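>
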Amino acid sequence: MSAPTSPTPPRILYCNCSYAQVVPKEVKAEVLRKLCDSGVAFEAVADLCDMSARKDPALQRIAESGCVKIAACYPRAVKWLFYAAQTPLPKEGVEVLNMREQTSEDVIRGLLAKPLDSAQCKETP
Amino acid sequence: MSKTHGANLRVVFYEGPGAVPLAAEERFGAISSLLDNGFEVTRPANGGTVSRADASPILLLGRFDGGTLPEVEGDTHVRDLSGMSADQVLGAAREAREKSGARKLEAWKPWFPVIDYDRCTNCMQCLTFCLFDVYGVDRQDKIQVQNQDNCKTDCPACSRVCPEVAILFPKYKKGPINGDVVRQEDVKREAMKVDISALLGGDLYASLRNRQSDARKRFSTERDESRALLERKRCLKELGKELDIPDEVLMSLPTVEDIQQRAERAKAKLAQRQARSQTVKDSKPAPTEREWGI
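Heads up: the protein sequence lines correspond to chains A and B, in order.
Under the numbering used here, the residue at position 26 of the first sequence is numbered 26, and the numbers go up by one with no gaps.
Under the numbering used here, the residue at position 292 of the second sequence is numbered 417, and the numbers go up by one with no gaps.
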């Protein structure tokens with residue numbers, strides 16, 4: 001019998017939606033502030049839409065590095081933005097938190113509280 | 126690679142062994158400023174994971190013990206943060222971007238359609254409708270967004286003619302175009318719109334062109350330029366209201382001649398593709414179901 005493994009902490013990705021005012025300013029500022037205060041590791045990008053349009057290679061790196069929690073906008077939009085850049089997100093091990101609809105407290109709770117199922121968090125070779 | 130495409134500069138805030146951690150407010154100020162100016166930021170921390178390094182250039186920032194910069198390899202730049210304000214951090218990032226040749230940022234709102242392939246039926250209505258060559262097809266004749274830069278900012282018209290509610294504009298104000306969940310009533314509404322479009326002659330642009338042509342005829346008989354112009358404006362206003370198209374987009378619509386030239390080019394492309402696939406068919410036996418992946 002193999003020893004139980006500790007759950008892999010999911011990576012955290014924060015999208016600042018810098019080029020438009022569609023995500024409430026106070027929500028995104030509060031989420032970023034809490035992330036900065038929390039001491040957790042995270043990655044932040046200026047704007048996923050811009051990266052998708054420009055086929056930024058960072059999207060591939062993000063999509064391929066295993067389990068990830070993404071604070072951005074609607075999950076359907078995030079999924080197809082990655083797909084449009086030819087770097088689809090894995091089908092499992094991805095959780096999108098919607099800063100257009102959820103409160104900053106809910107987003108932060110979702111990002112920091114529960115780990116994703118470790119079985120879903122296998123790193124893509 | 127153009128300066129508007131490719132890798133961005135990845136700014137890494139190092140606060141591990143050998144460096145003094147930043148105050149929370151200081152960290153927030155610097156990261157906010159970098160994000161607002163288009164940079165990508167990574168903050169590694171003990172026990173957490175971040176994505177691996179790749180070919181993207183890196184700027185490593187930290188308040189290093191004794192101000193001694195760590196040795197780095199490849200396209201990695203290092204700066205000591207001691208005494209730097211958020212503006213100075215931004216300046217350092219800009220400088221590193223220049224040195225590394227990372228992509229520059231544009232003053233644009235990333236406005237372009239994104240296709241939800243779970244819903245798309247490849248009906249090509251969007252491709253037929255869009256007059257700015259935003260859409261195209263891949264080698265398998267699957268619809269795709271090819272020229273994002275051609276899209277007219279704040280114009281969601283193609284998503285409004287999509288019968289399957291399969292086109293998103295993530296920066297649009299309302300759902301489901303912004304990516305919100307598609308509800309049954311949204312699909313019904315779109316179906317109704319398509320029916321109306323069919324009743325009007327199947328193509329809103331065609332009916333618009335007919336009206337323009339009628340207006341032109343009237344102009345040629347009546348020689349009333351201002352009346353024809355008013356008629357055109359009225360037609361465009363109606364269309365704009367129906368599809369939420371901004372005025373400036375309506376005013377930049379291509380001329381009938383442009384549209385005809387575009388149709389000819391599309392026809393020629395299609396003929397070329399058909400000729401190519403015919404050549405392949407002639408020289409190869411038909412693929413089996415297994416080869417087609419059925």
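Glycine included, C-beta positions come from ideal geometry on N, C-alpha and C.
These numbers were taken from a predicted model, which means no experiment stands behind them.
Shortest alpha-carbon distance to LYS91 of chain A belongs to which of A:LEU111, A:ALA84, A:ILE108, A:GLY66?
Of the listed residues, the one whose Cα sits closest to LYS91 of chain A is A:GLY66.
> Going by DSSP, what residue range makes up the alpha helix (DSSP H) through THR253 of chain B?
Note, THR253 of chain B: alpha helix (DSSP H), 250-254.
> With DSSP as the reference, please indicate the residues paired to ASP212 of chain B in a beta bridge.
DSSP, once it has assigned bridges, lists no residue as partnering ASP212 of chain B.
> Find the residues of chain B that neighbour GLY93 of chain A, judging by a C-beta separation of less than 9 Å, and give them in chain order.
The premise fails here: GLY93 of chain A is roughly 12 Å from chain B at the closest Cβ pair, so nothing lies under 9 Å.
> Which word fits VAL270 of chain B, buried or exposed, when buried means at least 16 other C-beta atoms lie within 10 angstroms of its C-beta?
Per the 10 Å Cβ criterion, buried.
> What number of angstroms, rounded off, separates the C-alpha of ARG308 of chain B from the C-alpha of PHE42 of chain A?
Distance between the alpha carbons of ARG308 of chain B and PHE42 of chain A: 34 Å.
> For GLU105 of chain A, go through chain B and note every residue whose CB falls closer than 7 Å to its CB, in chain order.
Simply none; closest approach about 17 Å.
> Would you kindly check if the distance between the Cβ of LEU185 of chain B and the Cβ of ALA46 of chain A is under 8 Å?
For ALA46 of chain A and LEU185 of chain B, no; Cβs fall outside 8 Å.
> Output the distance between the C-alpha atoms of ARG100 of chain A and PRO24 of chain A, rounded to the nearest integer angstrom.
Distance between the alpha carbons of ARG100 of chain A and PRO24 of chain A: 6 Å.
> If we cut at 8 Å on Cβ distances, does GLY39 of chain A have a partner in chain B?
True, the Cβ-Cβ gap to chain B drops below 8 Å.
> Measuring alpha carbon to alpha carbon, tell me which residue in B:ALA232, B:GLY187, B:PHE257, B:GLY172 is nearest PRO175 of chain A.
The requested residue 175 of chain A does not occur in the structure, where chain A is confined to residues 1 to 125.
> Could you tell me whether the segment 272-292 of chain B touches the segment 56-70 of chain A, using the rule of 3 or more Cβ pairs below 8 Å?
Short answer: they don't touch.
> Starting from ILE370 of chain B and walking both ways along the alpha helix (DSSP H), at which residues does that stretch end?
From DSSP, ILE370 of chain B is part of no alpha helix (DSSP H); its letter is neither H nor E.
> By DSSP's criteria, ASN131 of chain A is part of a beta bridge. Which residues make up the other side?
This structure cannot settle anything about residue 131 of chain A, because the visible part of chain A is limited to 1 through 125.
> Tell me the rounded alpha-carbon separation between ALA53 of chain A and GLY199 of chain B.
Rounded to whole angstroms, ALA53 of chain A to GLY199 of chain B spans 27 Å at the Cα level.
> Ignore the nearest five residues each way along the sequence and tell me which others in ASN303 of chain B's own chain have a CB closer than 8 Å to its CB.
Cβ within range, chain order: LEU293, PHE294, PRO295, LYS296, TYR297.
> Please tell me whether ALA113 of chain A has its Cβ less than 8 Å away from any Cβ of chain B.
ALA113 of chain A does not count as touching chain B.
> Where does GLU196 of chain B sit, in a helix, a strand or coil, going by DSSP?
Of the three classes helix, strand and coil, the one that applies to GLU196 of chain B here is coil, per DSSP.
> My output table needs one value for GLY418 of chain B: the three-state DSSP class, helix, strand or coil.
Low per-residue confidence applies at GLY418 of chain B: pLDDT is 33, beneath 50, and the placement is therefore not dependable enough to give any value.
> If you follow the beta strand (DSSP E) that ASP205 of chain B is in, where does it begin and where does it stop?
Its beta strand (DSSP E) spans residues 201-205.
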